[in-house]
Each structure stands twice: as structure tokens, then as C-alpha cells.
Amino acid sequence: MTNRDPRGGDALDREFDEALALAKDPASQGRTAQDSASQDPAQRPGRSSGASGAPGPRGPHRHRPATPWPDARAIAARAPRTSRPSPTTLDGTPVARPLPEALGHVLAAPLTALTDLPSFDTSAMDGWALAGPGPWRLPAADQSVLAGHAEADPLPDGHAIRIATGARVPPGATAVLRTEHGAATGGWLYAAPAHPVSPGQDIRPRGQECRSGDLLLPAGAVITPVILGLAAAAGYDELPTMARPRVEILVLGDELLRQGLPHDGRIRDALGPMLAPWLRALGAEPLATRRLADDAEALYAAVAESPADVVLTTGGTAAGPVDHVHPTLRRLDAELLVDGVAVRPGHPMLLARLAPHKHLVGLPGNPLAAVSGLLTLAEPLLRTLTGRPAPAPCPAPLAAAVHGHPRDTRLVPVVFREDEAFPLRFNGPAMLRGVAVADGLAVIPPGGAERGTEVEMLDLPWSTAWPGPQE
Ligand SMILES: Nc1nc2c(c(=O)[nH]1)N[C@H]1C(S)=C(S)[C@@H](COP(=O)(O)OP(=O)(O)OC[C@H]3O[C@@H](n4cnc5c(N)ncnc54)[C@H](O)[C@@H]3O)O[C@H]1N2
Ligand code: MOO
1 MTNRDPRGGD ALDREFDEAL ALAKDPASQG RTAQDSASQD PAQRPGRSSG ASGAPGPRGP
61 HRHRPATPWP DARAIAARAP RTSRPSPTTL DGTPVARPLP EALGHVLAAP LTALTDLPSF
121 DTSAMDGWAL AGPGPWRLPA ADQSVLAGHA EADPLPDGHA IRIATGARVP PGATAVLRTE
181 HGAATGGWLY AAPAHPVSPG QDIRPRGQEC RSGDLLLPAG AVITPVILGL AAAAGYDELP
241 TMARPRVEIL VLGDELLRQG LPHDGRIRDA LGPMLAPWLR ALGAEPLATR RLADDAEALY
301 AAVAESPADV VLTTGGTAAG PVDHVHPTLR RLDAELLVDG VAVRPGHPML LARLAPHKHL
361 VGLPGNPLAA VSGLLTLAEP LLRTLTGRPA PAPCPAPLAA AVHGHPRDTR LVPVVFREDE
421 AFPLRFNGPA MLRGVAVADG LAVIPPGGAE RGTEVEMLDL PWSTAWPGPQ E
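When the letters of the sequence shown are read in order and numbered with UniProt numbering, they come out as residues 1 to 471.
In C-alpha cells form, the structure reads like this:
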């Protein structure tokens, strides 16, 4: 929202530089934001969650005590658990989806095999099914056992018959001889001397991969194309999936244009196009992306009336004259679970409970700060709501030293090359240029990290399937 304090993202950099200077000043060493706030009662919270100890939505922002970044993520991941009857689906009922529609959803129940796989003894190669030691007598007519046909007649000892890959092996057959390893002459089949036949060779026995009832996948697996294939092979026509949390995106700001070039102090909305597909990749169902003017009443009505499980706002989180998110939350008597996070960029981000089953994530307006809020608060919240497991930590060594903030965690876009994470330029709070080419975001602890230090990495979810049509 442009018509307020014009500090914006550059102010962060100034604040950051000031903070670095402060950190070098021995007189200020060790004085934290928490300390500053505890000396100033005006900074203390209004209504806030006991879970987080996060401050309320009042007061200026510069020295507001912020929730440490790891705690903020943990609070977001826990938030739905305290208010939902079941951790599996939004109302506890799985949604059955036909296989073609199940891609990218989360399995709501373990996937158990409905059949043996293979479901019959099958030939692994094109060649001959044979019984006992050779040579083997071939049928008078040119007969073959083909895939997809009923079981062939039993094969007597000393006999062979042509067989195709995937065909049912006739009863009595003891092995399959590959076409290239045998010779048929004068009604007899001979194995090449270099390829003597061993019992069971090139027969896939029934149940080799699984028996009916075997556990193939646990509940909580994200359904990939391969899982669709496995489920079909195992006899499924539809899969039980978790209900997806519905998300409504409210993009705030009079200055935002939906098309064309920036002009007259107005800029393009960079978040509207990004958020719905990103949220879909995180397993949510975006209901709508609404652009709202800087109007307190419009925001109040939109949040109060939203049918979504999660309302996601962008902009308006700070302390400017048209930053309406905090006043709106106060008016709705929302419970602030996180109000400001000790992370750069993105520190004004917030998480509130509007009702037992309805949460609001407030992302800052600066685009990289919004990405930071998405990964810090929306991702763990949606992970719990969708029943997805927490990603396994995958730290990587930094290919270069990264300056840290004295108190706050930093999230820095990186690319991976030869097992090292290379920090990218263009990582300012208002910039998407770095993160657009990034493989992930490095989590830089307060104080920074030297070259070679292993730091946590946040994955970008582009490898995840995208359920449903794109907006
Ligand atoms: N007095 C203070 N001012 C600010 C603080 C603070 O602590 N005290 N924090 C700064 C930080 S850090 C950030 S981040 C921003 C967050 O501001 P808001 O969430 O209120 O966002 P806006 O003011 O609406 O916008 C900030 C900036 O981002 C641009 N913007 C907004 N929406 C979009 C969009 N959809 N696409 C592209 N760009 C967008 C907007 O034009 C502004 O330039 O507050 C600082 N101020
Ligand atoms: O500067 Mo703010 O950190 O962009 O979140």
C-alpha cells in the first residue's frame, strides 16, 4: 500500500545495516528485540495465543518482539491440530477420487493390494514355455500362448510351446527359454549350449511383487503418477484421498495493476499470479484470488464472509495508514498465534485463528517477503491440514559465506551445483529475480554462516504434482 510510510523493503536493508552496526557496538551487544520490548510495555501484546507467546497486533513494528523462525513454523504446523477432530481430513471423511483425478492428492488410508501381483505365473520373456529337461517336442501346428488369454492346456513333460511376454505360463511348465537362446528344427526345440535351462528361469511367479492384502503405501503419501500406476496394477479404480483445505487469497493494495506496464506510481501485482498455483502445489484448493482496494470495510467483509478454511492476505501487515490487517483481526476478535517472525525478509508476517477451523495467514506485501511468509507459515499449516508428512531435513554446505542478521534468521535463494548451495543475488525483500531461478532457500542462522557450513534448506515444491486445472 503505497500511500503510507514509504520505508518499504529498502527500509529493511537500512534497518539491517543499522542492526549490523549495532551488533558491532559493544554497548549494544546482547540486547535483543525481546529485551527492547520487555523494557517498553507499549510493545507488549494485546490478545495473543498462549501457545506462541506472540505479541498482539498493536504498536509500531521496529522493535516488536518477534517469534523465532523455528518456533513460528512449529506453531503453524500445530495450529490446526488444536481445533480439529481428526488429523486426517478436514471433517474426518476421506474423499474417494477416480484415479485420473487423484494425482497430487494425499492418500487418506493405507494402500493395500487388492490382488496378488503378478496375479498368475507369467512369462518374463518372449520364447518357449517348456516342461522338464530338453530337447522338447513342439506342437504340430504353429501354436502360441499369448498375453491376455485364458489359461492354456497343461504342458506335458518334455514338451514346449511358444509363449509371449506377459502370457500365463501353462500348468506343468518348469521354465521359459528366450527366443534368442533356442533353436526349433524338425518339430523339436533345442537350448543353445551356452544357455542351459534352469528350473523357474524367466517365470515371474504369482505374488512375486505382493500378495493380496500386503501394505503397498502408508496413508499420507502424496499421489504421484507412479502411485496411480501402482494403484491401478493393484486393482484400484479410485483412491481414498484427504479433503483439501480451501484457501481464499486476498491481494491488498490500491497500487496494484493486473496488466500492462507500471505507471503513475502503480505497479504490477506479482503475488496474485504466483500464490494460487503455489498453494495448489502445497495441497490446498484455492477458491479464488480476490484483489481488494485499501479499504478496511472491504477487507473486514471479505475475511468475515470467506468460506475458506485458510484466508491468505498479501500486504497490509505493517503499520502504515492503510495497513488494515491488524485492525481487521482485532475487529474479528481473532486469536493471533504468530505476530511477526524473526526472519528476513518477511518479518511482519502473521498467523491468526479466526474460528476453530478457520485460519488467516498474513503475508507481507514485498514479494520475496511474501514467499518467506508462505514457506514459514502457510506451508506448515497446510502440511498439517493436508496430512502430508514433514519433509526430511536436507542440509547442504554453502558454497560462499552468507552475512547474517544479528538476531533474525535469513532465508536466501540458492542454486544447487555439485552438492553445494550457491547463494543468489537479487535477494532483496521486493525482488523475485533471485528466487525465480532458485532450487531452494537456505536458512541462514542469526549471525550468518561461513563458506562450507551445512545449513537447512527449504525446498521449492515444483516437483510436486499440481492437482486440478491452473487458474
Ligand atoms: N513502520 C514500519 N514500516 C514497515 C515495516 C515495519 O516494521 N515498520 N516493515 C517493512 C517490511 S519488512 C515490509 S515486508 C513491509 C510489509 O508491508 P505490508 O505487508 O504492509 O505491505 P504493503 O505496505 O502493502 O506493501 C509493501 C511493498 O510491497 C509492494 N506490494 C504489495 N503487494 C504487492 C503485490 N501483490 N505485488 C507486488 N508488490 C506488492 C507494495 O507496493 C510495497 O512496495 O512493510 C515495511 N514497512
Ligand atoms: O523487508 Mo520485509 O522483511 O520485506 O519483510
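The C-beta atom is built at its ideal place from N, Cα and C for all residues, glycine as well. This structure is a prediction, so every number in the text was calculated from the model and none was measured.
Using the Cα positions of Pro225 and Ala231, report the straight-line distance between them to the nearest angstrom.
-> Reading the sequence shown from its first residue, position 225 is the one you call residue 225. Reading the sequence shown from its first residue, position 231 is the one you call residue 231. Computed Cα separation, rounded: 10 Å.
Span separating the alpha-carbon of Ala147 from that of Gly235 | In the sequence shown, the residue the question calls residue 147 occupies position 147. In the sequence shown, the residue the question calls residue 235 occupies position 235. Each residue's Cα considered, the two are about 18 Å apart.
Roughly how many angstroms separate the alpha carbons of Ala219 and Leu99, rounded to a whole number?
-> Reading the sequence shown from its first residue, position 219 is the one you call residue 219. Reading the sequence shown from its first residue, position 99 is the one you call residue 99. Taking the straight line joining both Cα atoms gives about 16 Å.
Thr185 by DSSP, collapsed to three states: which one?
-> By one-based count along the sequence shown, residue 185 stands at place 185. Strand.
Look up Arg162 in the DSSP assignment and say whether it is helix, strand or coil.
-> The residue labelled residue 162 in the question sits at position 162 within the sequence shown. Strand.
Apply the 10 Å Cβ neighbour rule to Asp264 and answer buried if 16 or more other Cβ atoms are within range, or exposed otherwise.
-> Mapped onto the sequence shown, residue 264 falls at position 264. When all chains shown are included, Asp264 counts as exposed.
At what residues does the beta strand (DSSP E) containing Val361 begin and finish?
-> Working through the sequence shown from its first residue, we reach residue 361 at position 361. Counting along the chain, the beta strand (DSSP E) containing Val361 begins and ends at 358 to 363.
Cα-Cα separation, Tyr190 to Pro118 | Here residue 190 corresponds to residue number 190 of the sequence shown, with the count starting at 1. Here residue 118 corresponds to residue number 118 of the sequence shown, with the count starting at 1. Whole-angstrom Cα-Cα distance: 29 Å.
What did DSSP end up calling Pro70 once you bin it into helix, strand or coil?
-> Residue numbering aside, residue 70 sits at position 70 when the sequence shown is read from its first letter. Residue state, collapsed to three classes: helix.
Leaving out five residues on either side along the sequence, give the residues of the same chain with a beta carbon under 8 Å from the beta carbon of Ala109.
-> Counting from 1 along the sequence shown, the entry for residue 109 is found at position 109. Hits under 8 Å: Pro94, Ala219, Pro240.
Rounded distance between the beta-carbons of Ala319 and Ala334, thought under 8 Å | Along the sequence shown, one-based indexing puts residue 334 at 334. Along the sequence shown, one-based indexing puts residue 319 at 319. Actually they do not touch by this definition, with Cβ atoms about 18 Å apart.
From what residue to what residue does the alpha helix (DSSP H) around Thr386 run?
-> Position 386 of the sequence shown, counting from 1, holds the residue named residue 386. Segment 379 to 386, the alpha helix (DSSP H) holding Thr386.
In whole angstroms, what is the alpha-carbon distance linking Cys394 and Trp278?
-> The sequence position of residue 394 within the sequence shown is 394, counting from 1. The sequence position of residue 278 within the sequence shown is 278, counting from 1. Whole-angstrom Cα-Cα distance: 21 Å.
Continuous alpha helix (DSSP H) stretch holding Arg330: start and end | Numbered from 1 along the sequence shown, position 330 holds the residue referred to as residue 330. Arg330 -> alpha helix (DSSP H) spans 325 to 331.
For the alpha helix (DSSP H) that Arg280 lies in, which residues bound it at each end?
-> As a position in the sequence shown, residue 280 is number 280, starting the count at 1. Run containing Arg280: 272 to 281, per the alpha helix (DSSP H) assignment.
Candidates Arg73, Gly172, Phe120: which alpha carbon is nearest His149's?
-> As a position in the sequence shown, residue 149 is number 149, starting the count at 1. That would be Phe120, whose Cα lies nearest to the Cα of His149.
Exposure label - Ala167; buried when at least 16 CB within 10 Å = The count along the sequence shown starts at 1 and reaches residue 167 at position 167. When all chains shown are included, Ala167 counts as buried.
Gly365 beta carbon near ligand 1 (any heavy atom closer than 6 Å) = Position 365 of the sequence shown holds residue 365. Correct: Gly365 has its Cβ closer than 6 Å to ligand 1.
Nearest candidate by alpha-carbon position, reference Val412, set Ala304, His359, Ser372, Pro367 | What you label residue 412 is simply residue 412 of the sequence shown in a count that begins at 1. Among Ala304, His359, Ser372, Pro367, the Cα nearest to that of Val412 belongs to Ser372.
CB of residue 493 to nearest heavy atom of ligand 1: below 6 Å?
-> With the chain represented from 1 up to 471, any question about residue 493 goes unanswered, as that position is not in the structure.
Three-state secondary structure assigned by DSSP to Ile75 | Stepping through the sequence shown from its first residue, residue 75 is reached at position 75. Correct three-state label for Ile75: helix.
Taking 7 Å as the cut-off, decide whether the C-beta atoms of Glu450 and Ala401 are in contact.
-> Taking the sequence shown and counting its residues from 1, one reaches residue 450 at position 450. Taking the sequence shown and counting its residues from 1, one reaches residue 401 at position 401. The answer is yes: Cβ separation under 7 Å.
Contact set for Pro135: own chain, Cβ-Cβ below 7 Å, skip 5 residues either direction = Residue mapping note: residue 135 aligns to position 135 of the sequence shown, counting from 1. Closer than 7 Å at Cβ, skipping near neighbours: Trp188, Leu189, Tyr190.
Test item: CB-CB of Asp269 and Asp294 under 7 Å | Your numbering for residue 269 matches position 269 in the sequence shown. Your numbering for residue 294 matches position 294 in the sequence shown. Here Asp269 is not near Asp294, since their CB atoms are 7 Å or more apart.
Okay, do the stretch 244 to 253 and the stretch 416 to 431 touch, 3+ Cβ pairs below 8 Å being the bar?
-> no
On the three-state DSSP scale, how would you describe Glu238?
-> Start at 1 with the first residue of the sequence shown, and residue 238 comes out as number 238. Of the three classes helix, strand and coil, the one that applies to Glu238 here is strand, per DSSP.
Is Leu282 closer than 7 Å to Leu363 when the C-beta atoms are compared?
-> Mapped onto the sequence shown, residue 363 falls at position 363. Mapped onto the sequence shown, residue 282 falls at position 282. Cβ distance not < 7 Å, so Leu363 and Leu282 don't count as in contact.
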